[in-house]
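Residue numbers (my numbering): 482 to 916.
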């Protein structure tokens, strides 16, 4: 029987992997198309259930939150059945709320009896490691400290040259802190500061990058994007200077949730925990004084996928893998990108040729035929949009601008085209010339 192509397998449910993340604030289902270095997300939905909101006061998950979570999981089970995802391809994990609640074990048993879904409760250190793997899957050269903020806990992980060197979980999630201290920021700050003092290696890593994970912290980054009118509204790899991020966190911590909810792209239910989440971020940044604060859209769920990959796939460049996948789907000739790269490479042979530029050139070559199906008058726009807004990891905003500008030129984009101008706005003169 002939081996199926990538085009066939992207719709083959036998390859799909479903990840269910039962957190302190939300319950989420993500379905990935297959086990690969850059898996496509076929389905992604979360429901804010608030399982951790009463644990600090009662030691238990409350009945209303558990009922909401159970109803959500029943629906997810029906969706997975409709997508024909087999039980062996479902990875369901529960984190801080279920881990710490006195009725956590009974709740897991209820999930199994009512839905058939087997949930494993992971430890704080395992949660931290999975979050770090998720960040590394999307930012392979990440070097510094990763912070993953959930509703009930904060996971901190140090990574250096792709390896995890330190990890710890702290009981300072916004739901927990608000449960303990309501909105008293003085008491919340004391608790945060005391918890951070338990991490001696954190302050010793000053001037490192800080990579933020978690919905509440991503919402903080979105506020900055709206405030600064960022040219490219893509969260992954969005970067801020450490001092600017600290000022932003302090500002948001002082706001009322109602005013934050009025900001475009900030979910109203997320706004309720944003001031507390921003206060946690402010104290961490004050404690460690990072060089840059970089947002990662990938975390625990992507870490679960990355953990399963063989070492050969882990070693792949995620941007190049994604570009090659796109070329196989949308290009005409599978070998086109590699041949084009070999053909143009001699033009760039010099001591000043930087490895990062060579990588971007290769990705551009792989993507160079993806717009041939488009209308002849709009192929340039289509190619640039794929680079700017495509689901890539392993590249930042500047890299997207470089690839977009190069692809636009391939398809004859004029200097006055708005999308080409957007690309140039993110680049320096030398990178524009290179592109």
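Glycine is no exception: its CB is placed at the ideal position from the N, C-alpha and C atoms. This structure is a prediction, so every number in the text was calculated from the model and none was measured.
In the structure shown, residue 596 falls within a helical segment according to DSSP collapsed to helix, strand and coil. Distance from the CA atom of residue 718 to the CA atom of residue 869, rounded to whole angstroms, is 13 Å.
The beta carbons of residue 734 and residue 763 sit closer together than 8 Å. Within the region 737-808, the complete beta strand (DSSP E) segments of 3 residues or longer fall at 773-776, listed in chain order. Taken in chain order, the complete beta strand (DSSP E) segments of 3 residues or longer contained in the region 618-702 are 625-630, 635-641, 644-651, 690-694. Burial state of residue 644 is exposed, judged by a 10 Å Cβ sphere holding fewer than 16 other Cβ atoms. Taking the C-beta atoms as reference points, residue 909 is found no nearer than 8 Å to residue 781. C-alpha of residue 854 to C-alpha of residue 807: approximately 13 Å in a straight line. Scanning the region 880-910 from its first residue to its last, the whole alpha helix (DSSP H) runs of 4-plus residues come out as 899-906.
Taking C-beta separations shorter than 6 Å and ignoring five residues to either side along the sequence, the partners of residue 521 in its chain run 514, following chain order. Cβ-Cβ separation between residue 528 and residue 549: approximately 7 Å, consistent with a contact (criterion under 8 Å). Under the 10 Å beta carbon count, residue 707 is surrounded by fewer than 16 other beta carbons and is classified as exposed. Nearest C-alpha to residue 510 among 535, 562, 546: 562. Around the beta carbon of residue 665, fewer than 16 other beta carbons lie within 10 angstroms, which makes this residue exposed. Nearest to residue 750 by alpha-carbon distance, out of 777, 656, 916, is 656. Pairing residue 865 with residue 904 gives a Cβ-Cβ distance under 8 Å. The Cβ atoms of residue 582 and residue 531 do not sit closer than 8 Å to each other. Taking C-beta atoms as the reference points, residue 784 and residue 623 fail to come closer than 8 Å. Taken through DSSP and simplified to helix, strand or coil, residue 876 comes out as coil. Assignment of residue 513 by DSSP, reduced to helix, strand and coil, places it in the strand class.
In the structure shown, residue 572 falls within a strand segment according to DSSP collapsed to helix, strand and coil.
For residue 733, the uninterrupted alpha helix (DSSP H) segment begins and ends at 723-734. The beta carbons of residue 588 and residue 501 sit no closer together than 8 Å. Counting other Cβ atoms within 10 Å of its Cβ, residue 626 reaches 16 or more and is therefore classed as buried. If you draw a straight line from the Cα of residue 871 to the Cα of residue 671, it is about 42 Å long. Measuring C-alpha to C-alpha distances from residue 770 to each of 915, 791, 721, 879 identifies 721 as the nearest.
Its chain contains 747, 751, 755 as the residues whose beta carbon lies nearer than 6 Å to that of residue 700, once the 5 sequence neighbours on both sides are disregarded; these appear in chain order. For residue 502, the uninterrupted beta strand (DSSP E) segment begins and ends at 498-503. Burial check for residue 810: the Cβ neighbour count within 10 Å stays below 16, so the residue is exposed. Residue 849 sits away from residue 893, with the two beta carbons spaced by 8 Å or more. In the DSSP assignment, residue 527 falls outside any alpha helix (DSSP H) and within the unbroken beta strand (DSSP E) covering 522-529.
Per the C-alpha coordinates, the member of 738, 677, 695, 838 positioned closest to residue 649 is 677. Secondary structure at residue 601: strand, using DSSP grouped into helix, strand and coil. For residue 566, there is no enclosing alpha helix (DSSP H), as DSSP marks it with neither H nor E. If the five residues before and after residue 698 are omitted, its C-beta is found closer than 7 Å to the C-beta atoms of 630, 758, 762, all from its own chain and listed in chain order. Residue 612 sits in a helix when the DSSP states are folded into three classes.
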